[in-house]
Each structure stands twice: as C-alpha cells, then as structure tokens.
Amino acid sequence: MAVLLSALLVGPYGGAAPAALASAVTAHSAVSRFDPGAPGKGLGVRLVDAPVVRRKDPRARTGVVDHLNPGTTIRRRLEVSNTTAEPLHVSLYAAAASIEGRTFTFAPERTPNELSTWTSIEPREIDLAPGHKRIAWFTLDVPPDASRGERFAVMWAQTATMPDKVHNVGLASRVGVRMYLDVGPGGEPPSDMSIEKFTPERDATGQPRLVAEVRNTGGRALELSGALSLSEGPGGLRAGPYPATLGVALKPGDVGQVVVVLDPRLPNGPWKADLVIQSGLVKRTVSATVVFPDAGVGQSVLFGGNRLLLISLLLALILVIATGVYLLRRRRRQANPAMA
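Numbering (mature numbering (1 follows the signal peptide of the UniProt record, and there is no 0)) for the sequence shown: -22 to -1, 1 to 318.
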C-alpha cells in the first residue's frame, strides 16, 4: 500500500500547471479537488486579513506580499474550509518555495527555508465537519538580525486519505497561501516592469499567439497576468480580450515571456493590438499594429528602452558613416590640391 501525492499548482490568477510528486496546491485562496466525484468541492484556505496600506492591492487579498523591517512580528487569520460530504483532518504548516525558471515553485512536503521557519500556524491540526469552516492564526516573526532581501514560502492546509482494505493507494492533497516577504530597513523597494517587445506568431498547428517580453525593473518579485484586445482588423473586425497564459513569476532583473493564445480562425490582419500586463497594482499597457504570419514568427514590435536603443544605434551608425565620408573626402583633397 502507498500514499499518492497528486499535484496541481494553481497560480494567483487561476492558471494551473502540473507538478510531479507533490500535493494539490493553489497559491492563494483555493479549493483542493481531491475527490474526483465532487467537482469544485474539497479543502479550501484563504486569507482573512490584509494590511490597511495594501487594501487596494489584489495580491494582498490572496497572499502575503509584505515588506517588514528586521525584528517585526505580524499575526493574521486564515480561514480553512471543508466543502466535501466527509469530515476532514487537516494539518497546517509553512514550507519552502522559490522562483525558479520564471515560475513560482514549491518545495516537496515540509521542506523548510528561512521564511518558513519564521512562520508558525495555530492550531497545527484541526478537524472539520462537512460544510464547516474554522479560523487559524499565523504568526510571522522576523529576527532582528535578518538580512535584506525577498523570501518565498507557502502556508499549507493538508489532508490525506490513507490506504485501506479497499483502496491500495492513499491520496494526500494540500492547498496553500503564497508568501512573498521582503525584509529590510526603511521603505519597501518599488515594484515596476516594462514591456520591451511583442511578437505575433503561429505555432505548428497554425494557432495564432502574441508573445510579449516583460522585464522586472523594480525591486520586488512579480506575478504576471494580462489581456490582449484586437481592433481595426480586416473589415473593421474586433476580437478579445484574450487572457494571457498565467504562471510567469519574475525576480528583480528577470526577463520573461507572457503568451496570449488567440482564436485559430483569426485573420492575419493588420490589427491594432492593445496589450495590458499587470502584477498587483503595477499595470503597463502598450499598443501597436501587428500582422500575424501565415506560419512561424512574424515581425516584432519594440517598445520603451529597446526602441530608444535601436534609434540611438541607428543615429550613431549614421554619424559614423557621415564622419567617415567627410574624412575620406578631406584626405583626397589634401592628396590632390588641384581638386580643391
């Protein structure tokens, strides 16, 4: 007999991606669908409290995104719910997470890291009757000697069905709240990003998509969402908005790709493309005319720093050529005074 740890990593805006040999997880308020016969029902967890200064930030309502000075302690509430028809025994704990390969990645089982060791949840074990909820408290205690930097973890609610005489395989499921904690004296580093370019493409099946290159230019990690609207198409057509594929997380300085998959019946264009990329309160919008290729990769559109850099390089090249032509003519005149 064995216990199977099934995996579902759900991003902050509802996107899902598989993860091997882990438990069902959603990074914010969530329901773990560990009963295939009961779609939408399971174990849920959500934040009850958000700091007043972050009430307008959608990320603060679903995850911990605080900036704290060393030596600070905070205490807030979690709500754990059971929407199944069976009683659940639930374990509550914090475990390590990281951003790897531009994806928020949770560590297996109860792997600790610095942030998880600063986090405690009470009570650690609860029993939930069908259809019931219960409040738990988490305490985050930052040591006075904590070094500057951003750390990542997940606060988990986990339940398990063990193997029995009828079932040879048990199933463990967990849902969680993501933690992005920035530590350092003084104010919080600003969050910012730039959309550097986007490229119209068609994949091997002919499906059109727009690929945007986004750079984290701020001092906090970002989780990206977005949408693309198309207008002024052939015959005045409009299309969208189309949601961006979720799951892209960027540490400061990182560059990642956000992909928007479009309707396969979409004409090539030209189209006026309006793209919005957002992380919490940080929102950036770009617009340009695009034409989707019949196949493969189309013409990229540059924005912001990339466009300015290209213009600067072209101007510098023109200046170098003009200077070279002037010096060549001057040398020829000096070599042949009769031509002067």
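Cβ coordinates follow ideal geometry from the N, Cα and C atoms, glycine included.
Everything numeric in this text was worked out from a predicted model, so none of it was measured.
Nearest candidate by alpha-carbon position, reference L280, set T177, G231, P168 and V155: T177
Contacting residues, own chain, Cβ-Cβ under 7 Å from D13 (five flanking each side not counted): Residue confidence for D13 is low, a pLDDT of 40 falling below 50, so the modelled location carries little weight; the figure read from the coordinates is stated next. Taken in chain order, the residues that qualify are K19, G20 and T62.
Nonlocal neighbours in the same chain, by C-beta distance under 7 Å from P36, ignoring five residues either side: G258
Beta strand (DSSP E) runs wholly inside the stretch 220 to 265, at least 3 long, in chain order: 233 to 239 and 249 to 257
DSSP beta-bridge partners of M133: A72 and V155
Cβ pair S207, G218 closer than 7 Å: It is a contact, given that the beta carbons lie within the stated cut-off.
Residue range of the beta strand (DSSP E) that includes E166: That residue, E166, is in no beta strand (DSSP E); it is neither H nor E in DSSP.
Reduced DSSP secondary structure (H/G/I, E/B, other) of L208: Strand.
Cα-Cα separation between T97 and L56, rounded to whole angstroms: About 13 Å.
Nonlocal neighbours in the same chain, by C-beta distance under 6 Å from I299, ignoring five residues either side: none
Runs of alpha helix (DSSP H) lying entirely within the stretch 85 to 126, each at least 4 residues, in chain order: 92 to 96
Exposed unless 16 or more other CB atoms sit within 10 angstroms - verdict on M133: buried
Inter-stretch contact (C-beta, 8 Å, three-pair minimum) for the stretch 28 to 47 and the stretch 263 to 272: no
Run of the beta strand (DSSP E) containing P186, from where it starts to where it stops: P186 to N194
Residues of its chain near residue 319, where Cβ-Cβ distance is below 8 Å and the 5 sequence neighbours each way are ignored: What is shown of the chain runs -22 to 318, which leaves residue 319 out entirely.
N60 - containing beta strand (DSSP E), residue span: T51 to N60
7 Å CB neighbourhood of S76 in its chain, flanking five on each side removed: Excluding residues up to 5 positions away in sequence, T83 and F130 lie with their Cβ nearer than 7 Å to the Cβ of S76 in the same chain.
Contact check, P90 vs A114, beta carbons under 7 Å: no
Residue burial classification, Q277 (beta-carbon count within 10 angstroms, cutoff 16): A residue is called buried when at least 16 other Cβ atoms come within 10 angstroms of its Cβ; Q277 does not meet this threshold and is exposed.
Distance, L244 Cα to S209 Cα: Distance between the alpha carbons of S209 and L244 is about 12 Å.
Residues that P178 bridges to, as DSSP identifies them: For P178, the pairing in a beta bridge is given by DSSP as L188.
Coarse secondary structure for L306, derived from DSSP in three states: DSSP places L306 in helix when its eight states are reduced to three.
Where L306 falls, given that 16 or more other Cβ within 10 Å makes a residue buried: exposed
C-beta neighbour in chain D for W96, strict 7 Å: You won't find chain D in this structure, because it holds only one protein chain.
M157 versus V42 - alpha carbon distance: 5 Å
Inter-residue CB distance, A222 and V237 (contact presumed, cutoff 8 Å): 7 Å
Contacts around L102, its chain only, beta-carbon distance under 6 Å, and the 5 residues preceding and following it disregarded: Before going on, a small fix: residue 102 reads as Arg here, not Leu. Excluding positions up to five away in sequence, the list reads L70.
Simplified DSSP state of A38, which is helix, strand or coil: helix
G214 in three-state terms, based on DSSP: helix
Beta-ladder partner(s) of M171, from DSSP: DSSP, once it has assigned bridges, lists N194 as partnering M171.
Inter-residue Cα distance where the pair is E92 and A124: 9 Å
Buried versus exposed call for A72 [16 or more other C-beta atoms within 10 Å across all chains shown]: buried
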